[in-house]
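To start, the structure itself, in structure tokens.
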Amino acid sequence: MAKQKKLVETGYKKYVEYDENVVKEFREKLYSIIPKEYFQETYTKRTPNVIKVATIRTTTGYLINRSTEPDEVISTTIGNKDVVVIPSRKLKSREKLTGLVLCRKFKVVHPEIEYNFIDKQEHLANPNSIVFGDSVTQSNDAIGLPSRVIYEWAYSIRDKDEITEELTHNALSEEGTMWDKEEGSQRQSLYGIQYIKPGVYFPQFITFYDITPEGFIHALISHLKTTRYGSQSNVMDANMKNEIIAIALDTFEPPVSSYLISKEFNEEVNFENVKEFVKNKLRENSSKLIENEELKGLLKLIDEYLKDEEKLRQLYLKHLNDCINYLVECKIIKKEDVIKKLLEEMGV
5 MAKQKKLVET GYKKYVEYDE NVVKEFREKL YSIIPKEYFQ ETYTKRTPNV IKVATIRTTT
65 GYLINRSTEP DEVISTTIGN KDVVVIPSRK LKSREKLTGL VLCRKFKVVH PEIEYNFIDK
125 QEHLANPNSI VFGDSVTQSN DAIGLPSRVI YEWAYSIRDK DEITEELTHN ALSEEGTMWD
185 KEEGSQRQSL YGIQYIKPGV YFPQFITFYD ITPEGFIHAL ISHLKTTRYG SQSNVMDANM
245 KNEIIAIALD TFEPPVSSYL ISKEFNEEVN FENVKEFVKN KLRENSSKLI ENEELKGLLK
305 LIDEYLKDEE KLRQLYLKHL NDCINYLVEC KIIKKEDVIK KLLEEMGV
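The numbering used here numbers the first residue of the sequence shown as 5 and each following residue consecutively.
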């Protein structure tokens with residue numbers, strides 16, 4: 005067997021064909037809203053600049069949010085109230101899964117990859133793993149990629165008792181009834197689950213470190229297009245709407261969190277009041293705030309590329325190329341034949 009050719013180049017290389025004009029046009033539009041210095045040209049060394057996205061998550065159906073207790077929501081005490089808490093992993097995991105679906109759609113992830121199941125280090129060369137972080141799980145290689153998007157825990161504004169409801173369920177027999185034919189009596193298999201009601205607001209923040217424009221859009225699309233969260237999501241309605249309300253830019257991360265919003269908010273709880281309170285806190289603590297017309301321009305830009313799948317595909321191909329270059333630079337991928345085989349198996 006012929007020896008595989010080792011990589012000796014350290015500069016950026018075009019392993020994947022993509023339309024450079026589409027990428028250039030997209031980046032120019034994005035930079036007109038968020039300055040270029042807040043993004044990486046490619047994935048390289050870390051810088052202090054951060055992008056902090058403020059979002060309000062509104063429940064649109066019943067949501068099961070539990071951990072150690074099988075029938076109760078996760079909660080904590082803030083001041084004189086008990087609030088519901090959604091751990092960051094429960095939010096990020098759902099959006100990372102949406103991101104994986106997007107990558108499969110545009111064939112920029114190896115077909116063998118399943119969620120949290122990666123058996124070869126070269127399979128880390130995909131947009132989802134680079135943005136959300138990943139590791140090799142099925143071999144002895146201790147290789148992991150840090151996440152470039154940081155999710156915070158989300159805290160409710162209102163007290164737990166106001167926003168939850170316990171519903172009683174029954175465990176039906178095989179015939180679909182509560183009748184126990186062997187005992188000749190009604191089954192007593194009743195149990196209650198505490199749900200978060202529809203119409204509950206969870207202000208939350210997602211922070212980006214050293215992200216490329218294409219990585220940023222991938223994460224935002226994954227965030228905006230995820231609608232099912234919590235336990236039993238496969239039998240629940242779409243139960244959450246995510247709405248980006250502002251984006252803070254700074255040299256270091258602004259000290260604003262969902263916890264502080266919940267702790268300090270004391271107005272009437274409605275969407276506009278929560279939105280303005282969050283934006284005011286970000287204004288006080290960041291260098292620049294993207295809001296109002298600028299924010300509408302960003303959301304319109306995302307929608308434009310979602311409606312033009314071919315252009316969006318070119319952005320994903322560019323992102324894939326960045327991912328491969330990054331793994332080459334980190335010496336996770338060391339041989340050219342590995343890249344060639346990887347792209348053939350992806351169908352790129």
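Glycine included, C-beta positions come from ideal geometry on N, C-alpha and C.
Less than 8 Å separating the beta-carbons of residue i and residue j?
| i | j | result |
| --- | --- | --- |
| P150 | F43 | no |
| Y330 | I134 | yes |
| I249 | I60 | yes |
| I210 | H222 | no |
| I37 | E298 | yes |
| K164 | V87 | yes |
Helix or strand or just coil, what does DSSP make of residue i?
| i | result |
| --- | --- |
| K94 | helix |
| Q318 | helix |
| I225 | helix |
| F256 | coil |
| V136 | Reading off the sequence, residue 136 comes out as Phe, not Val. In this structure, F136 counts as helix in the three-state DSSP scheme. |
| A129 | coil |
| V27 | helix |
| Y155 | strand |
| E297 | helix |
Distance, Cα to Cα, residue i vs residue j?
| i | j | result |
| --- | --- | --- |
| E280 | V113 | 39 Å |
| K28 | C327 | 18 Å |
| S261 | Q208 | 7 Å |
| D23 | Q318 | 6 Å |
| V278 | Q198 | 25 Å |
| V26 | K315 | 6 Å |
| G15 | F212 | 25 Å |
To which residues does DSSP link residue i through a beta bridge?
| i | result |
| --- | --- |
| L67 | I200 |
| M244 | T63 |
| Q208 | T59 |
| G148 | S139 |
Would residue i pass as an interface residue toward chain C - the criterion being a Cβ-Cβ separation below 8 Å?
| i | result |
| --- | --- |
| D86 | Protein chains in the displayed structure number just one, and chain C is not present. |
Excluding the 5 residues flanking residue i on each side, which residues of the same chain have their C-beta closer than 8 Å to its C-beta?
| i | result |
| --- | --- |
| V273 | I161, R162, Y205 |
| T255 | P52, N53, V54, S291 |
| L104 | V113, I117, Y119, N132 |
Which same chain residues, not among the five before or five after residue i, have their C-beta less than 6 Å away from its C-beta?
| i | result |
| --- | --- |
| E99 | S226, H227, T230 |
| L67 | I200, G234, N243 |
Below 7 Å CB to CB, which residues in the same chain sit around residue i once its five sequence neighbours on both sides are set aside?
| i | result |
| --- | --- |
| N325 | K18, Y19, V20, Y22 |
| L34 | P217, L305 |
| L286 | A58, A250, A252, P258, V260, L293 |
| G137 | L149, P150, S151 |
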